[in-house]
Structure formats: C-alpha cells, structure tokens
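Take 876 as the starting number for the sequence shown in our numbering and just add one per residue. Even glycine gets a Cβ: it sits at the ideal position worked out from N, Cα and C. Just below is one structure, and these are the notes that go with it.
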Amino acid sequence: ADNEKKVNLFNRANRLRMECEFSKAESLYEQICTEFPDEAEAYWGLCLCRYGIEYVDDPKTGKKVPTCHRSSFESIFDCEDYQNALDKCDVVAREVYKEQATEIDRLNREIQKIARNEQPYDVFICYKETDSNKERTKDSVRAQEVYNALTKEGYKVFFSRITLEDKLGQEYEPYIFSALNTAKVMLVIGSSYENFEAVWVKNEWTRFLDLMTKDNSKKLYPCYFDIDPYDLPGEFRMLQGQSMDKIGFEQDLVRNIQKIIPLKKQEAFPQGMAMYGNMAFDNLDRAGKNAEKLIELGNISAAREAYTEITKLHPESYLGWWGLIRTATNDFKTFNAEEDEKIKEWYGYVCKTATEDEMAQIKGKYIDYLHIVAQSDMQAMSDNYREYIEIAHNLQDQTEKNKQEELRKQKNFNSSYEANRSDQVAQLQSCSSDILLVRSKRTKSTVFAVLIVLTVITVILLTMVVSSIKARG
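Structural data, given as structure tokens:
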C-alpha cells in the first residue's frame, strides 16, 4: 500500500512539474520527502521546482535541455535538497544529478548576468495576457490602464506586454527575475480564479510571496474585478485586496503605493542604482571599474573595501570575490599564507558565479598565482631542508663528541680497573705467602710434638722392660 501511494505521489508531482505547475508539484515532493525520507528522486524534484526547470527539445540535437523559469541568487550547489539527493541516490543517479546541476547553475548565472544590467522597477504587474484562444484577456486591458496611471505618476513599472515587447526571441526569465527582485510592490490583476491560478501568473506571484518572507518591505496587492473576493486563491486571504469595480480604484491604488514608495524617496536614488531586496547598489560595472582603478593606483586597502562592498551587494557576481583575491595577493604578485584558506574559498565562489567566458579569462591569472604558491612552498621546503641538514650535522657532531667522551671514560675505567686488579692480586699473593708460612710453622710444631710424645713413650717402655727383668732375676 505504501509503495502504491509513493508511486501515485510521484506520478502526480512529476506531471505537475512537467506542466510547469511548480508550486503544486513542490508541495507533493515535500510530502514524499516527509513520508519516504530516503527517496533521492523526491529531493531532486524539489530542486527542479525551486529553479522552475522545464525540459524542452533542443532543435539542434533533439535532446531534452533544461530551461530555468525561477532563477535564484542561491546556487543549486548550496541547496540542501540537492545535497540530500546526492547523499541518498546511487552512483549512476549521482552522476546524472551532478551533470544536470552544473547546467542549471550555468543557466542561473547567465540569467543573473543579464539581470544585473537591468534598471530597477518600482511596481510589478502580474496578470494573464491571453486566453485559451490566444486572444487578449480583459485582465490585460485593465492591467494596462493601471500601468498607464502609475507611469504617469513617475513610477517604473514592469508590465510584460510593454516591457518585454522588444525581447522577442529572447529568454524572458532574466528580466522577470530582475523585476521581481527590485520591485517593492506587486499588483496581481485578475477577473477569475482560473486566471489567478494560470501557470505563469502563479509562477510570478508565488515567487514574489517567497521574496516577501525575506523582505517585509515588499507588498502584494490582489486587484480583482468581476469576481467575488472569496474566490481568490487561498494565499491571498491574508492580504489587502483591491476591488477594481469600486469608483476611484486607481486613485486609491496610487495613494497606497505612494505610502510605500514616495516619489521623493525614489528620486533619491540616482540613475543606474538598483534595489535588490532591501539593498541599493550602483551599476556593477562602474563599481568594478572604480575598484580596478584603486588597484592600479596602488591603494590596495581601499580596493579591498570596494570589492568587499561588491560581494555584499552583488554576491551573485564573480567580480567582488575575484577582486578580494587580487587585493589579498597584491594583484597576484605575492603569496599570502595567512589568508590562503580564504583565497581558496573566494576562488570557489568565483567558479560558481563566473560564466565560461569569464572563467577562461581569469583562470590563467589564478594558475600563475598557484605557481607563486608552489615556489613559496618549494622555498619553504628548501629552508626547512637546510635547517634539517644543519640539525643533522649538529647531531652528528654531538654524537661524535659523546662517542669520544665514552671512549675516554672507558679507557680511564680500564686503567683504573687494571690498577685495582694488580693491587688485589698482590694482596692475594701476600696473603697466600702468609698462609703458607703459618702452615709451615704449624707443621714443624706438630712434628716436634710427635717426636716428644714418641720419645716419652719409648722411655716409658724401656723403663717397664728394665723393671720386668729385675723382677725375674
């Protein structure tokens, strides 16, 4: 039963994703991850939804290639779902995921590169342009009326019918991505639940809702007509809706927007500056040229501050990270051992954010720097080798001295031992002589005593013999 449920969930999620219903598909993939946490394919499906990946036929090769409809400042390589997919898949799937992720990351960086050169927007108008018959919708007509009113007030408005009309034959995502991130207000205009839920309409307003969770200064207003407000998508129920059927709708809308984006505040940003989230930044190329000039002037510390600022405002650009490497190495002239780990980290960011053409231009510089690092390592090894040789020679000299000292001590010991041994032998010989002398004297005394005893016995015997003879006679 569980296996059947899993298969059904995957089928529904994959179908919705292939129909570009990324938000709905994402919910199903999340359900699969919750109930079947070891399913790598579900985590990979989440990655595809987060970046709005649609696979289309390449007319040149006939192969399926990815296109990105939901670009993000976050690299797919840093995505937790991508890491989970790699951890839980088999070897074959891992190689496929890595290959696809590399292509998705390239697409994402290309989109951001184009988006960086776009002017910031104040308002993003989201609506359905054509119906099922490819005819213009009444939503589009009403949306253009709002567009005209806001531009007349001086606001820069993203309205796809006009904003993208000169982008025919190009990918729209870079311009949509830039507008979604820079606009402070989104107006979602619709006359039916189906139009609000249309694939590309929902793709835009769900992405803006996600941005609102990270930047509370962004506001979304559902603007509806010919529809009951209770029929709006559930995500809009907590938002302040605007009925376009009311008299004075446009005046009320403009006044609300002015509270969020006062025109005088808007004018405080000079031309060429953009707002991403809650950050304002100058034209990236200009900032990069200013930092480059500081390096040329030899003001490395100021250049480092400039590049650091670029990394904060443009983390998706390689220029800031590459500039930090240049300043840390004195423009690749010296090896910086103290920041070697940081330099490696920054170069990792460069590899993730630079395009293939940009990498081709800068890779040679980094390779030259690696040669400097290698030379420094070789010099350090040479210095260490000389130090080791000196220590070895000192140890050898000390060992020789210790050996000579041991020989001297051994020689002295032997001499002393021989002298002591000679004395001991002499003493032993003297003692032996005395013992022999004593023994000789004792022997002589014993013999003399025996002779005396024998003499006495002889005398006694003779006396007894004489006495016996006399008695007989």
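Distance from the CA atom of phenylalanine 1071 to the CA atom of glutamine 1115, rounded to whole angstroms, is 16 Å. Distance check between glutamine 906 and each of Phe897, Tyr926 and Leu884 places Leu884 closest, using alpha-carbon atoms only. For cysteine 954, there is no enclosing alpha helix (DSSP H), as DSSP marks it with neither H nor E.
Pairwise C-beta distances place the region 1189-1202 in contact with the region 1217-1236, as three or more of them are shorter than 8 Å.
Close CB contacts of isoleucine 989 within its chain, under the 7 Å cut and outside five residues either way in sequence, are with Pro1049 (chain order).
In this structure, the beta-carbon distance from tyrosine 996 to alanine 1073 does not fall below 7 Å. Contact check for serine 1066 against aspartate 1120 fails: the beta carbons are separated by 7 Å or more.
Under DSSP, leucine 1062 forms a beta bridge with Ile1000 and Tyr1096.
Per DSSP, the unbroken alpha helix (DSSP H) holding proline 1049 starts and ends at 1048-1057. Phenylalanine 1071 is bridged by DSSP to nothing; it lacks a bridge partner. In the three-state DSSP reduction, arginine 1011 falls in the strand class (E or B). In the DSSP annotation of this structure, lysine 1208 is not part of any alpha helix (DSSP H), being labelled neither H nor E. Residue nearest to phenylalanine 1124 within the set Pro1097, Gly927, Asn1165 and Glu901 is Pro1097 (criterion: CA-CA distance). Secondary structure of proline 1104 (DSSP, three-state): helix. Per the Cβ contact rule, the region 977-987 is in contact with the region 939-955 (3 or more Cβ pairs under 8 Å). According to DSSP, glutamine 987 shares a beta bridge with no other residue. According to DSSP, glutamate 929 shares a beta bridge with Thr942. DSSP places phenylalanine 1111 outside any beta strand (DSSP E), giving it a letter other than H or E.
Contact between leucine 982 and arginine 969 fails: their C-beta atoms lie close to 21 Å from each other, not under 8 Å.
In this structure lysine 1009 is exposed. Its beta-carbon is surrounded by fewer than 16 other beta-carbon atoms within 10 angstroms. Isoleucine 1051 sits away from lysine 1094, with the two beta carbons spaced by 7 Å or more.
Looking at the DSSP output, valine 1032 shares a beta bridge with Val998.
When Cβ pairs closer than 8 Å are counted between the two stretches, the region 917-929 is seen to touch the region 888-901, the count reaching three or more. When DSSP reads this structure, glutamine 1117 sits in a beta bridge with Cys1098. Contact check for glutamate 1191 against glutamine 987 passes: the beta carbons are separated by less than 7 Å. As a beta-bridge residue in DSSP terms, threonine 1005 pairs with Arg1011. For the options Ile1102, Phe1207, Ser1092 and Ala1177, the alpha carbon positioned closest to that of tyrosine 1068 is the one of Ile1102.
Taking C-alpha positions only, valine 971 is separated from asparagine 886 by approximately 20 Å. Residue environment analysis places aspartate 956 among the buried positions, since at least 16 neighbouring C-beta atoms fall within 10 angstroms of its C-beta. The C-alpha of lysine 1227 is placed about 19 Å away from the C-alpha of tyrosine 1244. Rounded to whole angstroms, the gap between the alpha carbons of phenylalanine 1111 and alanine 1018 is 18 Å. If you draw a 10 Å sphere on the C-beta of threonine 1038, you find 16 or more other C-beta atoms in it, and that means buried. The beta carbon of threonine 1005 sits closer than 8 Å to those of Arg1011, Thr1012 and Ser1015, all from its chain and outside the five residues before and after it, given in chain order.
Phenylalanine 1034 sits buried, since 16 or more C-beta atoms from the chains shown fall within 10 Å of its C-beta.
Rounded to the nearest angstrom, the gap between the Cα atoms of alanine 1058 and cysteine 1001 is 12 Å.
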